[in-house]
Each structure stands twice: as structure tokens, then as C-alpha cells.
Amino acid sequence: MAQHRRRRTTALALGVPLALTAAGGLAYGFLPGAQPAASAATTAAPAWATATADGFASVNSLGQNGTYGGRDGQIVTVKTLADLEKYATASEPYVIVVAATITMDPVGKEIKVQSNKTIVGSGTSGQIVGGGFFLGPGVHNVIIRNLTIRDAYQGVWNDKEHDFDAIQMDGAHHVWIDHNDLRHMADGLIDVRKDSTCVTVSWNKLSQDNKAFGIGWTENVVTDITVHHNWIRETEQRNPSTDNAAHAHLYNNFLEDVAGTDITSSYGNYSRGATKMVLENSWFQGFKNPVIKDSTASIVQKGNTFVGTSGRNESGGTAFDPKTYYAYTLDKTADVPALLKSGAGPRGSIGTTATATTKAAATTLTVAKDGSGQYSTVQAAVNAVPANNSSRVVISVKPGTYRELVKVPSNKPHVTIQGTGSSRNDTVIVYNNASGTPKPDGSGTYGTGGSATVAVEADDFQARNLTVSNDFDEAAHQDIANQAVALRTAADKVFLDGVIVTGDQDTLLVDTAAKDRLGRVYMTNSYVVGNVDFIFGRATAVIDKSVITLKKRWNGTSAGYVTAPSTAANRKGILIANSTVNGDVSSASFYLGRPWHAGGDTTLDPQTTVRNTSLSAAIKSTPWTDMSGFSWKDDRFAEYRNTGAGSGAASSNRPQLTDAQATGQEVADWLGDWTPSAS
14 MAQHRRRRTT ALALGVPLAL TAAGGLAYGF LPGAQPAASA ATTAAPAWAT ATADGFASVN
74 SLGQNGTYGG RDGQIVTVKT LADLEKYATA SEPYVIVVAA TITMDPVGKE IKVQSNKTIV
134 GSGTSGQIVG GGFFLGPGVH NVIIRNLTIR DAYQGVWNDK EHDFDAIQMD GAHHVWIDHN
194 DLRHMADGLI DVRKDSTCVT VSWNKLSQDN KAFGIGWTEN VVTDITVHHN WIRETEQRNP
254 STDNAAHAHL YNNFLEDVAG TDITSSYGNY SRGATKMVLE NSWFQGFKNP VIKDSTASIV
314 QKGNTFVGTS GRNESGGTAF DPKTYYAYTL DKTADVPALL KSGAGPRGSI GTTATATTKA
374 AATTLTVAKD GSGQYSTVQA AVNAVPANNS SRVVISVKPG TYRELVKVPS NKPHVTIQGT
434 GSSRNDTVIV YNNASGTPKP DGSGTYGTGG SATVAVEADD FQARNLTVSN DFDEAAHQDI
494 ANQAVALRTA ADKVFLDGVI VTGDQDTLLV DTAAKDRLGR VYMTNSYVVG NVDFIFGRAT
554 AVIDKSVITL KKRWNGTSAG YVTAPSTAAN RKGILIANST VNGDVSSASF YLGRPWHAGG
614 DTTLDPQTTV RNTSLSAAIK STPWTDMSGF SWKDDRFAEY RNTGAGSGAA SSNRPQLTDA
674 QATGQEVADW LGDWTPSAS
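Under the numbering used here, residues 14 to 692 are what the sequence shown spells out, in order.
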């Protein structure tokens, strides 16, 4: 897919229509690994080092003809804060390749970048944690690309005390911010202030912050800025807010307010003061007040799409024609969400448009409690995975018991968590929250889904050779709701291979991201242990070639339910195939399942099929039962060719699939176009 084109312009002073020259192309090659400093003349430098900016950063103005960063200087690779600061603050030009995660000390530190610098991440490994960059008055010709800058957040949402931005500029000019992931800082993500001008911000991911992107805050109307192909999501305000900008050109951006998250937008694009804004071919999803303006400001809208938005959507006044300043090509508005989900943020390798979506090789992150790995907790390794990573990241966990909560968020697909011990018992991730456990901040209880020890919300997740456990003590806490999830999945293409998932009530929650979203889970060569509704949810889930172990209740009694599907109509539910159901419990004490109409939803059509599986004597002769006033007979429950003491012949209380029906309820029918494979 043709992704985007870059053009360089050579022309007159800014503010005057430009004479356009031939386009100069952007190309990233593979970013170098850990190489020592090396001389790099312009003609010998790699393509990504010689790339130049588009948009207003490309114009000839203020004595600077375009933005090309440090291409005339040496290429150096840095892995420490000391080296990064040394080269970024030097007077000479440098291309600085960041090839490691660098933590700012103290927190909130902003490196004072000097002119003629390119700071670029090596693949997806260049990360700045707990601080960022500052470009002061007169600093010019700076490129910041392919970096993740994150996590300076100090616990105060609308933080007035800590001005810890990812990138801040005061009076700088000719700056290009491109293909970065900026998130979770203490104030804003980007601030373009105090007459900074000739700035282009392109192909970035901005997220998880109160204030995304502020422009202006000056009485002078001089700032010229281009903002294109940015994915702005889970932010509240300044998306961006543009104050007294002479020319603000915003196009092909994707603003997304994600339903069901804790972060809610207050407004989207804002034209303030005397700003003249051109807003083209952008997509607004779920935003409140998506486009607003002051009475003194102008907005000219062209070709934008608004889905699920509410509140103010304004335009008016006259603006300008961006093509009198530089050339550019618009992508179709309908293509913008998919284009930015695949293309925004750091890339393992970015080439011309044909190679922009090439997957990088798999990355391995190691976790060890004894400090011999890169990280001492599993969650720390998950946090290090770049947002919207395009290739597999394997989190290799050394043997040990990791008492922690782990969440793999939806913006971190292609993650594998893998134990390195000789058996799945050697590596254990465990915690003890229950539905009724009070949250530490006093905001209520966790609820069933929130109690999970490991929560997976990212597609294409894999886990193998480990145990995930919830060891909540029901006997000691009968005063609170005791649903206690070990593993929750709310994603598509989740592959669980050689794992143990153990708890009591509600052990394995196989969910989907939303009622109308497909979520497939395939578990094989594994164990699931529990007693009440311990395989449940609305996902399309297969338990294949595995052991389902029935467990006594907290008080020593034997009574329970294996499955509680909550399947949407016209979807596949839970399939148990080629497996064994057993455990040290009384005979005829467990049901195979009951229908969970979550929230009393009558539109659901719960489904469990158990086939070609050995059932112990613990299974009741009438293996299905009603739940919360809903009859199992109104939903989809069936068996096929099960064996063992707990199996039985067909009857009105024990439906069996015919051979013809069974051909449509194979494992492959559940998985559709997905063939799980280890990676």
C-alpha cells in the first residue's frame, strides 16, 4: 500500500507563496545496531539519515532552507543518558542513534537539544523514560524520529506542578517530529510555544495523557505548523489546541476516543485566538466537541469524517492554501484509521512506501527475579514493548514465583510470555484479588474482570510453559464477592500452549473487546483448574487436548460448573475437544455448564459443545442447568462422542450432535481463518 510521500521545497521567505521544486523522497533503511561513532559525509550516509522534512518544516525561512537535522555530521550510537546528553547538547551536527531504553535522572529531565541534530531510535529499541527534550530560543534544524518517549507521569492527571513534556520547544524553528510514540507524561506530550515556527509533526502516536499537543501561547501570530498522519487517542484535551498560529495545516490525522476507557475527550482540534487553520481528510472517532474555534479564529474544513462524535463541530472564516507553501498529497479519509494503526509510531524499519509496513525480526526481553535478566517483573517487560509493535516480542521469564498483576494492553499486539523452566510449574505468575477486593485507592472493588492476575487485551498474544494463578483465600474472605480470575483474555487470536491456569471460581475468563467484536482463544496441551463457572465468557474459545481439573469448594464440598458461556448470537462459544475432565471431587457433583446471560441480556445465545472428551464420574447425568432464570434449553449446549464414566446417552436432558451436525463443530470451525502456530 502506498503510505505517504515526502516533498522538500526550495523557496522564498516564509509567509510568501513558494516556488516549488521537485519532490525529495523520504526513505528509512534498516536502522543500525550498536555501532561506534563513525564519520558520515552526506553522500555516504544511510537513507534514513539524509531524509528531510515535509510540510512547514521544509520551507526556506529564517536563514534555514528546510530541515535535515544532523546529516552533515557524524553518526553516533548511544545507550546511556550521559552519551545522549553529550551529543544532543554539542555544538557540532550529529545523527544520534538511540539503541537502548534510557531513563532520565532526575525524573522530568529535559535534555537541551542544540541545532543541527537528528535523534533517531534504532528500530523499536530507542526509548526515553521519565523525561524528554527541550529546544530553546533559536535552536533550529532538529529532527526527532522513531523514538518512544514515555512515563514521566507523577500521579496527578491535570498536573500543574510538573512540566515534564516529551518534546517542548520555546522559540525554536525548523523542527521535524516524526514516527514517535509519545505517552503518559506529566503535562503535555508536545508543546510548540513562544513563537516556535516551521514545524512539522507527522506519523506519531500520542496517547495516555491529559494534554496531547499545545501550540502557541503567545500574542504574536507567527507560528507556521503542519500536523499530519498522527494517531491521537486516549487523551483529554489539546488534540491539538492551536493559539495564534499564522498558518496551521492539519490533515490525515486520526483522533480516537476509545469507549470504555478511563480517559474521555473534552475537545479535539481547537483553533484559538487569531489562528488560521486548514483541516483536511481527518477521521474523528467518538470525540466530544471534535472541532471548535474561537470567534476570532478561522477553520476551513475539507473532507473530514466524524463517527460517534458529539457536541461542537465548527468551521468558519478564511484561511490559506497550503500548496502555496509546499507540496503534499492527501490520503483518502476512509483509509486513515487503518493507515495510522499500521503506520504511526516507531518502526522496526521504515523505507519508501513499499517497505513501511515490513515486520521487524522478533525481539526477546528477559525477566528474572534474581536480577539476571533485563527486568525483574513481567509487567516491566510488558511496559517495555513498543506501542503498536508490528513484530513478535517474546518475554522470556526465568523460573520463579512472580507475585504481581500483569496487563498486556490492546496497543501491544504480538506478545509472547514464555517460561524457561523445565516444566510449566517452574514459572508462576500469581496474585489474589477477587471481585469484592477493595481497590487501594478507595474507588470501589475490582469486579470480576478486574480481579485477573493476568489480563490480555492485545491481539495475537501467546503464552506457554508457565502457570497463571489466582490464590484468593475464599475461606478467609467469605464476607466479599469471591469470583477470582486467574487469566482474562479480551482479544483475538490468543494462543495458550502448555500452560496451567488455576483458581477456584471464575478461573479463566475468555472475553472479547466488545460484544460485537470477535475474540478467538485456542488452548492446547494445558490444564484449567477450578470449581464454579471456571471457564466462562463470550469469546470463541477452544480447549483442545487439555485437562480440565475439578476442584472442591473452599469448605470441602463438591459442587460446581465447568463452563458459563455468554456467547453473542451468531457466534461460536466454548468448545472442549479431545480433552479430559477429572478431579478429586464427588461423583455426579459437577455440571458441564450453564448459560450466562450477562446483565440479563436476552439477545445472547450461549454455547458450549463438549466432544471427543473423557468425562469422569464427577459429571452429572444431566450435565446442563439453568442460570439466573435463563433455561439452558433455550441456548446451545451439546455433546458428541464423549467417553468415560461421566458420559451418557442422548436424551432430552442430554443433547448429542448427529454426525452431520458434528462436521460443523470441529476445532477449525471455531478458529476460521486462523491457524495457531508457535512464534
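Don't be surprised by glycine CBs; every beta carbon is placed ideally from N, CA and C.
- By a C-beta neighbour count over all protein chains shown, 10 Å radius and 16 as the cutoff for buried, is P689 buried or exposed? buried
- Quick one: grab the DSSP three-state call for F547. strand
- Query: With respect to the alpha helix (DSSP H) encompassing V349, which residues constitute its N-terminal and C-terminal limits?
  - Reply: V349 to G356
- What are the uninterrupted segments assigned as beta strand (DSSP E) that are 3 or more residues long and contained completely in the region 573–660, given in chain order? 573–578, 587–590, 593–595, 603–606, 620–624 and 649–653
- Message: Can you give me the C-alpha to C-alpha distance between G586 and P119, rounded to a whole angstrom?
- Response: 51 Å
- Item | Alpha-carbon to alpha-carbon, L352 and T562 | 45 Å
- Message: With distance defined between alpha-carbon atoms, name the residue in S464, T480, N266 and P453 nearest to D344.
- Response: N266
- Contact set for G449: own chain, Cβ-Cβ below 6 Å, skip 5 residues either direction: T458, I493 and A494
- Task: Check whether the Cβ atoms of T102 and Q127 sit closer than 8 Å, and answer yes or no.
- Result: yes
- Item | Cβ neighbour criterion (16 or more within 10 Å) applied to K224 | buried
- Query: Less than 8 Å separating the beta-carbons of Q678 and T638?
  - Reply: no
- Item | Burial state of G139 (16 or more Cβ within 10 Å) | buried
- Message: Give me the residue from L588, P578, D546 and T593 with the minimum Cα distance to Y540.
- Response: T593
- Message: Under DSSP, the beta strand (DSSP E) around K289 begins and ends at which residues?
- Response: K289 to E293
- Message: Mapping the DSSP letters down to three states, classify T342 as helix, strand or coil.
- Response: coil
- May I ask you to report which of helix, strand or coil DSSP gives Y415? strand
- Do E470 and D517 come within 8 Å of each other at the CB atom, strictly closer than that value? no
- Message: Taking the straight line between their C-alpha atoms, what separation do you get for I2 and K301?
- Response: Missing from the structure shown is residue 2; the chain here goes from 14 to 692 and no further.
- Query: How many Å lie between I513 and L479 at the Cα?
  - Reply: 6 Å
- Message: Would the region 177–184 count as touching the region 314–326 if we require 3 or more Cβ pairs under 8 Å?
- Response: no
- Could you pull out every residue in the same chain whose Cβ sits closer than 7 Å to the Cβ of G657, ignoring the five residues on either side in sequence? S627, L628 and S629
- Query: How long is the line joining the alpha carbons of N257 and D183, rounded to whole angstroms?
  - Reply: 15 Å
- Counting along the chain, where does the beta strand (DSSP E) carrying Y81 start and finish? No beta strand (DSSP E) holds Y81; DSSP gives it neither H nor E.
- Is it true that the region 605–619 meets the region 572–579, where meeting means three or more beta-carbon pairs spaced less than 8 Å apart? yes
- Query: Would the C-beta of D191 count as close to the ligand GTP, meaning under 7 Å from any of its heavy atoms?
  - Reply: The ligand GTP is absent from the structure shown, which contains no ligands of any kind.
- Query: DSSP state of E98, grouped into three classes?
  - Reply: helix
- Message: Let me make sure I understand the geometry here. Which of S599, N595, D546 and R566 has the alpha-carbon closest to that of P608?
- Response: D546
- Query: Cβ atoms of R501 and G455: under 8 Å apart, would you say?
  - Reply: no
- Query: Roughly how many whole angstroms lie between the Cα atoms of T55 and N129?
  - Reply: In this prediction, T55 scores a pLDDT of 31, lower than 50, which makes its location untrustworthy; the coordinate-derived value is nonetheless stated afterwards. If I take the Cα positions, the gap works out to 13 Å.
- Message: My output table needs one value for P451: the three-state DSSP class, helix, strand or coil.
- Response: strand
- Query: Start and end of the beta strand (DSSP E) containing T696?
  - Reply: Residue 696 lies beyond the stretch modelled for the chain, which goes from 14 to 692, so this question has no answer here.
- Message: Does D682 come out as helix, strand or coil in the three-state DSSP assignment?
- Response: helix
- Query: Which value, in whole angstroms, describes the spacing of the CA atoms of Q475 and P422?
  - Reply: 14 Å
- Task: Drop a sphere of 10 angstroms on the beta-carbon of A374, count the other beta-carbons inside from all chains shown, and report buried for 16 or more, exposed for fewer.
- Result: In this predicted model, A374 has a pLDDT of only 44, less than 50, meaning its place in the structure is not dependable enough to derive any value.
- Query: What residues in its chain sit with their C-beta under 8 Å from that of V4, if we drop five residues either side in the sequence?
  - Reply: Past the edges of the chain, shown from 14 to 692, lies residue 4, and the structure says nothing about it.
- What whole-angstrom Cβ distance do N73 and G79 have, given they're in contact under 8 Å? 7 Å
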